Each structure stands twice: as C-alpha cells, then as structure tokens.
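Report on the structure given below.
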Amino acid sequence: MTATDFPAETTMATASSRSRTDRRMALRGLAFVAPAALLLIAIYILPMIVLAAFSVTDYQLGALSIRFVGLQNFTAAMDDDVFMRAFANTVLYAVIVIPFGVFLALGVALLVYNRKRSRAFWEVAYFLPVTATLVAMATVWQFLLHPSIGPVNAAIKWFGFEPVAFLSNPVLLIPTMAMIGIWQVLGFNMVLFLAGLTAIPKDLYEAARLDGARNPIDRFFTVTWPILGPTTMFVVVTTSISAFKVFETVAVLTKGRFGSETLLFNLYLEGFEYSNTGYAAALTLIFLAIVLILSIWQTVHMDRKVHY
Amino acid sequence: MTPQSVELRGIGKSFGTENVLKGIDLSVRPGEFLSLVGMSGCGKSTLLRMIAGLEAPDRGTVSIGGSDVTDMDPSERNLAMVFQSYALYPHMNVRQNIATPLRMRRLPLSARLPLIGGLFAPSQTLREIDAAVEQAAETLHIPHLLDRKPAQLSGGQRQRVALARALVRSPAAFLMDEPLSNLDAKLRAHMREELASLHRRLGATFIYVTHDQIEAMTMSDRIALMSEGRIEQLGTPDELYRSPATLTVARFIGTPSINLLPVEIDAQGKVAAFGQDLGLQAAAAHAGPATLGIRSEDLRPAAEGLAVRVLRAETHGADRFVSCQLLADETVRITLRQAAGETLETGADGLTHLAFAPERAHLFGADGARRELSVRERVAA
Ligand SMILES: Nc1ncnc2c1ncn2[C@@H]1O[C@H](COP(=O)(O)OP(=O)(O)OP(=O)(O)O)[C@@H](O)[C@H]1O
Ligand SMILES: [Mg+2]
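As you go down the protein sequences, you meet chains A and B in turn.
When you line the first sequence up against this note's numbering, it's residues 2 to 309, in that order.
When you line the second sequence up against this note's numbering, it's residues 1170 to 1550, in that order.
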C-alpha cells in the first residue's frame, strides 16, 4: 500500500520476505489440514480405490494369482440370473417399503403428536423395533408367520381362508419381508417426523384457521405438509438407502432360499461364501452407483420443491 | 362487508390455577379503533385470542355483529388477525400468502388440493382473487414484493404482507396483537400513522393489542386498559389521560410517567404531604394514607412549595424534562416538564421549590381507586 514511498530495493526485500511468510503460513495451514485429509483418504477414498481395483480382476480371497479382466465382472453381472433376480427383488422391496415406510410414519407421527400424556408411551412403542434388532426379533416373526403354529395364520384360518406360507411362497416372500422392513423403519421415521412437527410454529395453524381453513385437511395441506417438506425429503432419502441395503431380513429369515436374494445378500454370498472377491467388488460398485444415483436424483428433484 | 360490533359479556378464563381473565365486559362499536393495553401478562393476548376463537372462554359470551359466536370455529367468524410474529406461510410467496384467505373461502376443497387442485378451480374466481391480491398489495405499497418468499423480506415488509393478508377480504373486524413490536422506533412511528389512516379509509372495526401506551394513545378511538385480568378503565385516550380511574391507569398512561406523591388525608379531609398542607380537600370519610398524582406538565418552579433537589435535565427536542428528588423523602422522584428554552433557577446546593396546579392533581386511595378532590385554598404549593 505504502510500498511506492520506499526505494526499489526495500520494496523488493519486503516482497520476498512477504512471500517467505506466505509460504510459511501455507505450510502451517497444510499441517492443520493434514490429519483430517489423511484420515479421509485412509478411511474413505483408499478403500474405494482398492474396491475399484479389485472389481477389474478375477481375484479370489486367499488365491495366489490375480489377473486383470477389464470390465468382464460387470458384463458377467448383467448375465448373472441370480444378480438380476436380486436386483428385481430389491427394487420390489424398495417400492413397497419407501412409500409405506414414509407415509405410515407420517400418519402415526400426526396421531402421536396430538397425544398429550400418552405421547411418550407411543414414541417408545414405535421406536422399539429400531432398538431391538431384527436378528433378535426374527424368531418372533418366524413364529408369528409360521404356516401351522403362527397366530397370523390362525387368524386367517379362523376367517375361513387357506393358511398362507409367508416365508416359503416365492410370490409372497418379498412383500412379507417388505412388511417387516416397514415395521423396522416406522419408528425411526416417526421420530423424525415428530421432530419436524414440533418445529412448526403454532401461529401458522392459528393463522390458517383464521384464514378460513375449516378442516384438518386444509390445515394439513396449507401448513403441515409444505413445512414438513425438508423433513420428508430427508426421510425419503434415508428410507430409500436403508431399503436398498436390506440384508439381515433375508439372512435370518430365508437365507436366500426360494429366489429371495437381495442385492446385498447376493453380494455377501459372492464375497464371503464363494470368495469371489473380484466379482463381489464389481457388484459393490454397481450397488453403490444405484444408491448414489437414486439419492442424488431424489435430493435434486425434491430440493427444488421443499425449500423456502 | 360493513364493520361489525364485537361484544364480550362476563368473559372468564383460568389456565390451571391461574385466573387470567376475571369477568370482562366490553363492547366494541362498529368501525371503532379500540386498543387493549396493559402490563405484560395482564391477559390482553388471551382476550384477543378469545375474540378470534383460538381460545375458548370458561365463562361468558362473545358476539360479533349481534350474534353469539362463542362456540363458533375461528374459520367461521370472518375475522382477520395480524400476529406479532406475522405468521406468514414460509413456503408461499407473498402473492400466495395474501391469496390464502380468499382461496380458502371462495374455492371448493377439491380446488385447493395440491397438484391436482388447478384442474377444479373456476378460472373466473381465480381472476377475481388475483385482482383482489393486487389491490391489497397496492394499498400497502408492496406490489413489487409479490413474487418473493417471506424469508426474503425485511421485518417491515413482512408486516405489510401480514396486513395485506388481513385486509384482502373484508372481515367483520381486524384483530392485531402487538403488530408493531418487532419494528425499529422510526418504522414503528411511521406504521402507526399508516395503520391509523388505513383504519380511517376502511372504516373497519380494529381491536388492537399493545403494551405501548403511545401506540394506544395516538391511534385509538377508545382504550381499554387492562390489569390483572380486569378492565381498569375504558375511555378515549383523553379521558384516560385527564381523569384516570385508578392509580394503575394513571401510572400506565403518559410519558414521562405521572409523578406520585405519598400524602395523608386527615380526619377533616385535608390533604398533606410530609406534614405540609397542600390546600386540597378530600372527603373526610377517606382519611388515611393516599397517593397524589401530578403530571409533569402541571408542575412549575415557584418560590415556595415542594422542596426538591434537581438531579439532571434532559432536552427532547421541544421539551425539557427535569428530574428532581423530593427533599422530604429522597426515594420520591419528581419529573418536571418545561419548554426547551426555559430554565430552572436553583440555589447553590441545587435546591428549589415546585408548585403544581391543584385543580389538575389526581387523588388515589390506598386501594388505588380515584378519590374526589377539590381545591380548598391556594396555600403553600
Ligand atoms: N396457554 C397457556 N397456558 C397457561 N398459561 C397461559 C397460557 N396462555 C397465557 N397464559 C398466562 O396467562 C396470562 C396472560 O397471558 P397473555 O398472553 O394474555 O398476556 P399479555 O397481556 O398478552 O402479555 P404480553 O404483553 O406479554 O403479551 C399470563 O400470566 C400467562 O402466563
Ligand atoms: Mg401478548
């Protein structure tokens, strides 16, 4: 700024000393960034690179040889009946779980929100499945849905219908698991919606009533639904991701029998049961790509509508 | 719609054990600007919300335009309310915000549904709504803001949107709960004027809640001053200022606040302050301790009278306020109002005497009620 007042050499001396300080500051900055950056690379980036590297080889876990096979693993996946069936199953599962898991949760949240004293009880009750893991609850489900001794079938029989083989009839397998999936996510989503509902200013409902919103439907569409937009978006994205990640239901209840594989279960078989590490890596990449594309699409698509 | 009257009869309300409203009777005339004022927590908002139907009274009735609406839903009372928080719908732009009351009333439910609603909306009605929105925006000078979301507006602009949303239809009455309290002083003064002129232009009934007595004094036709769940006094701003019915009213109305002098009424009804006879006569039946209220403009410097020590003087434009301390009791503060050019002669120790216009003094008994007062003779003060 005042550099012009000084003789030329002083100016140059200042400039070079400044660049030295600059460099020192830059180094210091890097030193601060390094731990976080290195951790990020070690924990997230490197595994992805290793995964991508495996996916273009025929590596088998423990094998002594490894060969580059290009995109062969990916083309093989397209021709793999089991993989394609797992893909279709997962999509069907997600198509059932996402809408019901989101809208039922919203409905339950609306009902629970208006309870004064019993609210805490309902919250805990609906949240129980989230804490009691499916692996622990699987026996209960197996018993409930059992064709001969289960109470569900007892009820069906009582109404005069044939018993239903929920866990062995190939047509019913995925819908049955989807029901269990909804049961699993309902409580979590409800809590998210409850948080969203709590954040809506009461004034808005009162303003809506004075503006002529006679019935709850009007108030819902004028206030609740639009303001819950960001919450709903978050719930949809997380529910989608967890739907695509469905694994333990299959692993515990059917072990993939009767054509009930899902993407993740198939991946588990290839990687851990058959030790086809290279192929499993390719499937993992495909799986990640699907989830990523879906989430990004949902976010971009909905973000435009839900923000204010 | 022609402006409607609002009648409250014996309104009572408790929250749990707290008795918030203790029997309120109030008639608001059609087209009147009535302010509800009072200290924080005295029940103003609760009363307003009862008129709106957002809160149900435990006792009493609310009538609008002569018909009992006590059990009617807020959506059917045809009232417009401006909230302190403005309560604008954050996801709607200004145009949609203002249109909401009309859409709710004029469109069938099917036409109000999201996504598919547009298919069912009669285009004639939609055009009428658009025109009404434009006009309301015009009235409040906000046509350039119609396409913005509330988050993109300043506090003052939001305030205008809230007002536009209220007046886009012609409600039976406007209810406002401290609508100006979130604005800065200058904008508040401006909006005060604008609200008053809006009231004149619309000729509508306004019920306006505020704890700011200046707002109430400048805009209202009448003021209902509330204290602890009761209406202390109902009257024009002038009546409240010139003959406050209770000590609470006297304290609340007027800036600077009224000067209060502890006095004693003797058995003959003579009023004395610290043993000094003030030349005022009260009813002998009221003998005992009392409070004398004197407005700052009714005081003047004098050769004798109340002996005070001058603490400081502040000049506010045309007025000069001199704060003094009573010599007889140093906890009593007296404020004297003078014209800006005037001075106050004091002795070297800052002592002087103040006299007051006795016919303009107010006497309040120990229970806070106003007492008759007459001038006996012009002695001492
Ligand atoms: N929903 C409620 N539940 C319990 N108490 C309440 C409720 N609403 C108001 N109150 C109580 O009623 C009293 C009057 O409240 P109100 O909001 O009417 O006061 P206000 O005169 O509007 O005060 P302010 O000037 O601070 O807005 C307060 O003591 C408050 O604590
Ligand atoms: Mg209030």
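Just so you know, even glycine gets a beta-carbon here, dropped at the ideal spot from N, CA and C.
In this text the structure is predicted, and so the values were computed from the model without any measurement.
In the structure shown, the three-state DSSP call for Gly279(A) is helix. Contact between the region 1218–1238 of chain B and the region 1315–1322 of chain B is absent: fewer than 3 CB-CB pairs across the two stretches fall below 8 Å. With respect to chain A, the C-beta atom of Ser1254(B) has a partner C-beta closer than 8 Å.
Within the region 1332–1375 of chain B, the alpha helix (DSSP H) runs of at least 4 residues that lie entirely inside it are, in chain order, 1354–1371. Distance from the C-beta of Thr1186(B) to the nearest heavy atom of ligand 1 is not below 7 Å. Relative to Met178(A), the option among Ile228(A), Ala139(A), Met191(A) whose CA is nearest is Ala139(A). Ser1214(B): member of the alpha helix (DSSP H) spanning 1213–1221, first to last residue. If you check the CB distance, Ile1422(B) and Tyr1410(B) come in under 8 Å. Collapsing the DSSP output to three states places Gln1450(B) in a strand. Chain order gives the chain A residues near Pro1270(B) as Asp212, Gly213, where near means a beta carbon separation below 7 Å. Per the DSSP secondary-structure output, Thr58(A) pairs in a beta bridge with Phe69(A). When secondary structure is reduced to three states using DSSP, Arg1317(B) falls in the coil class, being assigned neither helix nor strand. Membership of Phe122(A) in the alpha helix (DSSP H) is indicated by the continuous run 120–132. Distance from the Cα of Gln1382(B) is smallest, within the candidate group Gly1537(B), Glu1363(B), Glu1347(B), for Glu1347(B). Beyond the five residues adjoining it in sequence on each side, Thr1215(B) comes within less than 7 Å, by CB distance, of Lys1182, Val1189, Leu1190, Glu1224 in the same chain, given in chain order. Within its own chain, the residues whose Cβ lies closer than 7 Å to the Cβ of Arg1272(B), once the five positions on either side in sequence are excluded, are Arg1281, Ile1298, listed in chain order. Excluding residues up to 5 positions away in sequence, Arg220, Val224 lie with their Cβ nearer than 7 Å to the Cβ of Tyr206(A) in the same chain. Apart from the 5 residues on each side of it in sequence, Gln1326(B) sits with its Cβ closer than 7 Å to the Cβ of Ile1311, Leu1314 in its chain, given in chain order. Counted as a single uninterrupted DSSP element, the beta strand (DSSP E) harbouring Ala1459(B) occupies residues 1457–1463.
Within the region 1230–1249 of chain B, Asp1242, Pro1243, Ser1244, Leu1248, Ala1249 place their CB atoms closer than 7 Å to a CB of chain A, listed in sequence order.
With contacts defined by Cβ atoms closer than 8 Å, Val1418(B) and Gln1402(B) form a contacting pair.
Sequence-distant Cβ neighbours of Ile1267(B) in its own chain, meaning closer than 6 Å and more than five residues away, are Val1302, Ala1305, Ala1333, Arg1334, Val1337. In this structure, the beta-carbon distance from Ile99(A) to Ala244(A) falls below 8 Å. With its beta carbon less than 8 Å from one in chain A, Tyr1258(B) belongs to the interface.
Here Ser1465(B) is buried: its Cβ has 16 or more other Cβ atoms, across all protein chains shown, within 10 Å. A straight line joining the alpha-carbon of Gly272(A) with that of Ala37(A) spans about 31 Å. By the rule that beta-carbons nearer than 8 Å mark a contact, Arg1329(B) does not touch chain A.
The beta carbon of Thr58(A) sits closer than 7 Å to those of Ile67, Arg68, Phe69, Val70, Gly279, all from its chain and outside the five residues before and after it, given in chain order. In the three-state DSSP reduction, His1380(B) falls in the coil class, being neither helix nor strand. Taking C-alpha positions only, Val1491(B) is separated from Glu1499(B) by approximately 16 Å.
Counting C-beta atoms within 10 angstroms of its own C-beta, Ala1342(B) has 16 or more neighbours from the protein chains shown and is therefore classed as buried. Straight-line spacing of the CA atoms in Gly30(A) and Phe288(A) works out to 37 Å. For Arg1469(B), the closest of Ala1454(B), Ala1487(B), Cys1493(B) by C-alpha to C-alpha distance is Cys1493(B). Beta-bridge pairing by DSSP links Lys1182(B) to Leu1190(B).
For Phe1252(B), the closest C-alpha among the options Arg1296(B), Val1238(B), Glu1528(B), Met1345(B) is that of Met1345(B). Here Pro1413(B) is not near Ser1389(B), since their CB atoms are 8 Å or more apart.
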